[in-house]
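J.: Just dropping this structure here.
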Amino acid sequence: MGNTTSIAINQVSKKFGHGKNLVLALDDVSVEIEENEFFTLLGPSGCGKTTLLRLIAGFEHPSSGHIQLHGEEISHLPPFKRPVNTVFQSYALFPHMTVAENIGFGLTMQDKPTGEIADTINKMLQLVQMEDLRDRRTDQISGGQQQRVALARALAPRPRVLLLDEPLSALDYKLRKGMQIELKRLQHETGITFIFVTHDQEEALTMSDRVAVMNNGRILQVGSPHQIYNHPAERFVADFIGDTNFLTAELLECGEGESLLKLPSGKTVRSGQPEAAVNGTVHIAIRPEQASLTDDLIDADLQGKISNVVYSGSDTQYHIDLPDSEEFVVRMQNRGTLNVNWQAGQKIGVNIESGAVQILRN
Amino acid sequence: MNKMRRTNTFSVRKLPGFPAIAILCFAMLYAPIVVLVGYSFNAGSSLALWEGFSWHWYYAAWQNDQVQTAALLSVVVAVQASLYSTILATMAALGTTRTRPYRGQTAIYTMINQPLMVPEIVTAVALLICFAVIKQATDYRGLIYLVLAHTAFCIPFAYLPIRARLEDMDKSLETAAADLYATPWRCFKKVTLPLMWPGILAGAMLAFVISLDDVVITEFVKAPGQDTLPTYMLGQIRRAVTPEMNAISTALLAVSIIMVSLMFILSRKKSRE
Chain W
126 MGNTTSIAIN
136 QVSKKFGHGK
146 NLVLALDDVS
156 VEIEENEFFT
166 LLGPSGCGKT
176 TLLRLIAGFE
186 HPSSGHIQLH
196 GEEISHLPPF
206 KRPVNTVFQS
216 YALFPHMTVA
226 ENIGFGLTMQ
236 DKPTGEIADT
246 INKMLQLVQM
256 EDLRDRRTDQ
266 ISGGQQQRVA
276 LARALAPRPR
286 VLLLDEPLSA
296 LDYKLRKGMQ
306 IELKRLQHET
316 GITFIFVTHD
326 QEEALTMSDR
336 VAVMNNGRIL
346 QVGSPHQIYN
356 HPAERFVADF
366 IGDTNFLTAE
376 LLECGEGESL
386 LKLPSGKTVR
396 SGQPEAAVNG
406 TVHIAIRPEQ
416 ASLTDDLIDA
426 DLQGKISNVV
436 YSGSDTQYHI
446 DLPDSEEFVV
456 RMQNRGTLNV
466 NWQAGQKIGV
476 NIESGAVQIL
486 RN
Chain Y
459 MNKMRRTNTF
469 SVRKLPGFPA
479 IAILCFAMLY
489 APIVVLVGYS
499 FNAGSSLALW
509 EGFSWHWYYA
519 AWQNDQVQTA
529 ALLSVVVAVQ
539 ASLYSTILAT
549 MAALGTTRTR
559 PYRGQTAIYT
569 MINQPLMVPE
579 IVTAVALLIC
589 FAVIKQATDY
599 RGLIYLVLAH
609 TAFCIPFAYL
619 PIRARLEDMD
629 KSLETAAADL
639 YATPWRCFKK
649 VTLPLMWPGI
659 LAGAMLAFVI
669 SLDDVVITEF
679 VKAPGQDTLP
689 TYMLGQIRRA
699 VTPEMNAIST
709 ALLAVSIIMV
719 SLMFILSRKK
729 SRE
């Protein structure tokens, strides 16, 4: 991965409408995306991720702030003057052109020599394995094939940045899995910066070098999939990505890279350093798979009663009622018949793995 | 369960007398036309007495100099009026669908469709007076007045299919073209125009048919001697009516049916894409 900045978003806000209908789609967003990076904007619908993508593409212009591409200000350039191409959610293939004509469109519009256009079309058809379908009309090919044409069309002019707006959402599960791998391969082979928009957390974690989690027009956290999953900084991030248990705890000590917390049960656990300055009562997050059940009630970190047992093949989820009425979920892998003897109604202890406790900003 | 729901659903087809009323309505619509077409092949000169099959009246109409002149004028006016009105309607459709929402958009939409709402006779009188003033001032008495009048009332008929086509079109196609380095003009030329083309053709054909069969406005606006086929027929019917009128009407009907069918095929093509 390179270290030069490809796209720099600097304090960008975007407002739609005015007066009573004013919507703040982006609220003072700043982020730097590196060259040759697979960067994902992740968030629920309406969080502003598509708006940010459209600002980078030039379909919208920021209400305030700056967007730079390799240090050059592009905030107010029209889309046809930006070396940035988009793969649309609906693919937006031109229905009156063949597959090859679609792929060559960008190059034709750049007035590239005919020979070069033909060469690039062939290379692109090869890259997405569509050589046989070059003269088909776009309504004569399947959804997965349309997806590949849309990708080839956007990659053909060799943009500095490729924007992908939920491109896999219309495909069925198997095809989507295949395209996820395909996209990673294409990104690797072309060396182009990919900015990928999705609301699917699994997709984001699988494919990305870095993920930005967005909500209400703000970027809440930027980090590697590992960081985002294991060290969520905020309640929303922890909640949106994967399943999480939330507890309140007392912060006893806060040292260099380590802190000591008192759980509601009275037991103490260690955790990493909090992301922000907090003291007193703090919110903590614990992943269900980073806790385990034990019959040893006295030494357990938490005690409660099993309220529900949900079997789901590879693992079993135990819903546990804690004394202060919060529900805690523990997910344990099913290995043989080792742990099938715990049943609803039973009193049980919960042990929390070291490093599983994450202190949240709010 | 499914079957029960079906029997309980209200269906107009199950109302008593539905088939009878339907047949009666269709008979009312089509019987006169069937009679008209039938008697155009009458060998005799009566409109009520059948005297055997013949192409005689078609031949007579074809040979009639006045009919020829009127038909030619009809086509000349209709071609020009449909051409101009389609160009204007295309621009109006682009202006009302390819711009950001602005104040008074509905008002403009209503104004474009004015000829559909204002009684034709009112427009006819207004044009008569207006053109009289211009004729007085310029002393020019050409075909231009008829063409202008037809262009004006053809605009909404050309506008509606074009607008419908533009509204159906996926706007992300134009966004994609802009994303792929197409300037606004090249985007229009390479993407918007080819995709709206069936709508433009449909609009032009509808405008052509509407212009071809107009009587009221033509009757008011035309200068002496500027008879189109419908106004010629109106003039003739005041005198003696022969099956020649039936023959001309049938020919007009055929032209209209062909044009409307073509338009229908083009709109079908639209929804498939």
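From first to last, the protein sequence lines are chains W and Y. Going by the working numbering, the first residue of the first sequence is number 126, and it counts up by one from there. Going by the working numbering, the first residue of the second sequence is number 459, and it counts up by one from there. Heads up, the beta-carbon is just placed ideally off N, CA and C, and yes, glycines get one too.
#1: Are the CB atoms of W:S188 and W:K248 within a distance shorter than 7 Å?
#2: My output table needs one value for W:E359: the three-state DSSP class, helix, strand or coil.
#3: Looking at the C-beta of W:H221, does it have a partner C-beta in chain Y at a distance below 7 Å?
#4: Is the beta carbon of W:V454 sitting closer than 7 Å to the one on W:P413?
#5: Going along chain Y in order, which residues have a C-beta closer than 9 Å to the C-beta of W:M234?
#6: Taking just the CA atoms, how far does W:D446 sit from W:K430?
#7: On the criterion of 16 or more Cβ atoms from any shown chain inside 10 Å, does W:H143 qualify as buried, or is it exposed?
#8: Under a Cβ-count criterion, where at least 16 other Cβ atoms within 10 Å of its own Cβ denotes burial, should W:H324 be classed as buried or exposed?
#9: Can you tell me whether W:L376 is helix, strand or coil according to DSSP?
#10: Checking the sheet assignment: what are the DSSP bridge partners for W:D446?
#11: Give the single residue among W:N161, W:N146, W:L288 whose Cα lies nearest to the Cα of W:T318.
#12: Does Y:T643 pass the burial test, meaning 16 or more other C-beta atoms within 10 Å, or should it be called exposed?
#13: Could you tell me whether the Cβ atoms of Y:Y516 and Y:A636 are closer together than 7 Å?
#14: Is the beta carbon of W:E359 less than 7 Å from the beta carbon of W:R486?
#15: For Y:T689, which residues from the same chain have a beta carbon less than 8 Å from its beta carbon, with the 5 sequence-adjacent residues on both sides left out?
#16: Mapping the DSSP letters down to three states, classify W:A133 as helix, strand or coil.
#17: Residues in its own chain within less than 7 Å of Y:T581 by CB, not counting five upstream and five downstream?
#18: If you draw a straight line from the alpha carbon of W:K237 to that of W:I199, how long is it in whole angstroms?
#19: Which two residues bound the contiguous beta strand (DSSP E) that contains W:N476?
#20: Suppose only complete runs of 4+ residues qualify. What are the alpha helix (DSSP H) ranges in the region 664-697 of chain Y, listed by chain order?
#21: Can you list the residues of chain W that Y:L631 reaches, using a CB-CB cut of under 7 Å?
#22: For Y:L724, count neighbouring C-beta atoms within 10 Å of its own C-beta (all shown protein chains included) and say buried if the count is 16 or more, exposed if not.
#23: Taking CB distances under 7 Å as the criterion, tell me whether Y:K472 reaches chain W.
#24: Relative to the C-alpha of W:F371, which candidate in W:L377, W:R343, W:T406 has its C-alpha closest?
#25: How many angstroms separate the CA atom of W:Q326 from the CA atom of Y:L618?
#26: If we count Cβ pairs, one from each stretch, closer than 8 Å, do we get three or more for the region 578-593 of chain Y versus the region 506-524 of chain Y?
#27: Within the 7 Å Cβ cut-off, does W:T175 reach chain Y?
#28: Does DSSP put W:G316 in a helix, in a strand, or in coil?
#29: Please give me, in chain order, every unbroken run of the beta strand (DSSP E) with length at least 3 that falls completely inside the region 164-213 of chain W.
#30: If you draw a straight line from the alpha carbon of W:H186 to that of W:L149, how long is it in whole angstroms?
#31: Does the region 264-282 of chain W touch the region 208-218 of chain W, meaning 3 or more C-beta pairs lie closer than 8 Å?
#32: Going by other Cβ atoms of all chains shown within 10 Å of its Cβ, with 16 needed for buried, is Y:K472 buried or exposed?
#33: Return the residues of the region 650-662 of chain Y that lie within a Cβ-Cβ distance of less than 7 Å from chain W, sorted by chain order.
#34: Under 7 Å between C-beta atoms, does Y:S729 make it to chain W?
#35: Starting from the C-beta of W:F184, find all residues in its chain whose C-beta is less than 7 Å away, skip the five residues before and the five after it, and write them out in chain order.
T.: In short, the structure shows the following:
#1: no
#2: coil
#3: yes
#4: yes
#5: A635, L638, Y639, A640, T641, R644, C645, K648
#6: 5 Å
#7: exposed
#8: buried
#9: strand
#10: W:K430, W:E452
#11: W:N161
#12: A small correction: the amino acid at residue 643 of chain Y is Trp; Thr does not occupy that position in the sequence shown. Exposed, because fewer than 16 other Cβ atoms sit within 10 Å of the Cβ of Y:W643.
#13: no
#14: yes
#15: A528, V673, T676, E677, K680
#16: strand
#17: P573, F611, I675
#18: 23 Å
#19: 472-477
#20: 674-679, 687-695
#21: A217, F219
#22: buried
#23: no
#24: W:T406
#25: 45 Å
#26: no
#27: no
#28: coil
#29: 189-194, 209-212
#30: 14 Å
#31: yes
#32: exposed
#33: P652, L653
#34: Unreliable positioning characterises Y:S729 in this predicted model, as indicated by a pLDDT of 49, which lies under 50. The coordinate reading is nonetheless provided below. It does not; no Cβ of chain W falls within 7 Å.
#35: P204
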